[in-house]
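Heads up, the sequence shown is in the UniProt record's numbering, so the first residue is 1 and it goes up one at a time. Report on the following structure.
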Amino acid sequence: MNTTESHANYPERTTIESDPAYDYAEDQEVDEAWVEEVDAPEDDERVVPIDETEEFREADEEI
Numbered sequence: 001m002n003t004t005e006s007h008a009n010y011p012e013r014t015t016i017e018s019d020p021a022y023d024y025a026e027d028q029e030v031d032e033a034w035v036e037e038v039d040a041p042e043d044d045e046r047v048v049p050i051d052e053t054e055e056f057r058e059a060d061e062e063i
């Protein structure tokens, strides 16, 4: 690629699908609603166990 020009010299794209910025996700409709699953570890899977007796947050200071 010649980098001495002010703009990069890209080859012409014959179809929109050849454009790397083309978003294929907009082509097809989705039949099912997106459900995001929370992948939180169970208590027995935690690397660092949580001690429920400790209070991790300090009381808020009044200004």
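Note that beta-carbon positions come from the ideal geometry of N, C-alpha and C, so glycine has one too. Predicted, not measured: the structure shown is a model, and the values here were computed from it.
>> Can you check which of these residues, E37, D51 and E36, is closest to D43 by C-alpha distance?
In response: Of E37, D51 and E36, the residue nearest in Cα terms is D51.
> Straight-line CA distance for V38 to E45?
Replying inline: Rounded to whole angstroms, V38 to E45 spans 15 Å at the Cα level.
> Any idea what DSSP makes of E29, helix, strand or coil?
Replying inline: Coil at E29, not helix or strand.
>> Measuring only the C-alpha atoms, how far is D31 from I63?
In response: Distance between the alpha carbons of D31 and I63: 52 Å.
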